[in-house]
DNA sequence: TATTGTTATACTCTATAACTATA
DNA sequence: TATAGTTATAGAGTATAACAATA
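Residue numbers (the numbering used here), protein chains in the order written: chain A, 8 to 182; chain B, 8 to 182.
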């Protein structure tokens, strides 16, 4: 962005007032919350990408690298990576292409299934993701702009939301 | 997405455990919350866009139309729209191009400043945004997946976050 | 037949730089 | 000189469809 000037009033609070004025009371709070989540995501993503850029990573590629670094043998089938990251298979293909060109991952044959390809993190990939993670931890993740109780509430609320949305099946957030 | 299969375990909770195991305790909760916000935004955006698609709108274009529908005279200078929507000027140019081609907005000269152009919503634009809003209110905004107290907490927390991030200057969230 | 992954293609939003017109 | 907006260009993620190889 060229000049992210601070507005004198919260545009989302203003929109909520307009919703109220129109009589859309039942949807006003939801509209405000949803829009706030959108904007918060945008702010956080910008911070993350500015940290990752010097490491030659985008957030999508960082997430893939981090996932692989935690996997057994540092490798996963493409479709497992796609499922775990909740992204489209073609997005994984694209990410792996870039990461492979940068020498951070490599493709390997699956021992049991000839259709399947494994993505495997390289030693260089481990170094890069380790350094990037430490810097992210020291900046965004370690100082996200929410207090400890707020983080707790967020993780609880959003965890429940994601479960209800069908992201995963889990019993730690009982219905 | 082709097959958004529900995972058996929450991938974000799993990542948090890995963070803990590595000793990145101070950043674990923040990482989980930030990642949860990212994923929640993705889910909500997908719902919104699926509602808007039959109306010929994306979320970015809907937001612009909604902003104009609340503006005096239904018109705003391009740079005001850019500031209020927190998007790059070229993004506004692009959105206005598409909306203008669809007959939902028009460009007009600014009476006092020859450099400035106004974006003005058309009657057709008002009809479209009204119908789209009602449908969004009846689905996503009116039923966002959070309880009323949760919405309240979210609006409070994210409002404060956005203010601290420099999005706007306001006194309703005192430091 | 079904599944895995790739390719080709297309459409978002985003961003920088160069440019025109106006102040 | 500074500002408003556009254009050109590029990059990102996302998505569908067609395809090859394998099960």
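Beta carbons are placed, not taken as given, at the ideal position from N, Cα and C, and that holds for glycine. All values derive from a computational prediction rather than experimental measurement.
- Straight-line spacing of the CA atoms in residue 46/B and residue 169/A works out to 8 Å.
- Here residue 93/A is buried. Its C-beta has 16 or more other C-beta atoms within 10 Å.
- Distance check between residue 22/A and each of 173/B, 78/B, 53/B places 78/B closest, using alpha-carbon atoms only.
- Within the DSSP bridge table, the entry for residue 46/B names no partner.
- With respect to residue 53/A, residue 71/A sits apart: the two C-beta atoms are not nearer than 8 Å.
- Counting only runs of at least 4 residues, the stretch 105-164 of chain A fully encloses the following alpha helix (DSSP H) elements, listed from N- to C-terminal order: 130-143.
- Under the three-state reduction of DSSP output, residue 73/A falls in the helix class.
- Boundaries around residue 84/A are those of the beta strand (DSSP E), 82-84, since no alpha helix (DSSP H) includes it.
- In this structure, 38/B is the residue among 63/B, 38/B, 100/B with its C-alpha nearest to the C-alpha of residue 149/A.
- Residues of chain B whose Cβ lies closer than 7 Å to the Cβ of residue 47/A are, in chain order, 44, 165, 168, 169.
- Each residue's CA atom was taken as its position, placing residue 173/A and residue 40/A some 20 Å apart.
- A distance below 8 Å separates the beta carbons of residue 166/A and residue 17/B.
- If you draw a straight line from the Cα of residue 48/B to the Cα of residue 120/A, it is about 35 Å long.
- Setting aside the 5 residues that flank it on each side, residue 63/A is surrounded in the same chain by 109, 135, each with a C-beta closer than 8 Å to its C-beta; the list follows chain order.
- Chain order gives no chain B residues near residue 69/A, where near means a beta carbon separation below 9 Å; the closest approach is about 11 Å.
- At a cut-off of 8 Å between beta-carbon atoms, residue 157/A makes contact with chain B.
- Per DSSP, the unbroken alpha helix (DSSP H) holding residue 25/B starts and ends at 18-28.
- No Cβ of chain A is located within less than 8 Å of the beta carbon of residue 134/B.
- Residue 73/B and residue 35/A have their C-alpha atoms roughly 14 Å apart.
- Residue contact check for residue 160/A against chain B: a CB pair falls below 8 Å.
- A Cβ-Cβ contact shorter than 8 Å links residue 44/A with residue 51/B.
- Residues are counted here when their Cβ sits less than 9 Å from a Cβ of chain A; for the stretch 91-108 of chain B these are 91, 92, 93, 94, 95, 96, given in chain order.
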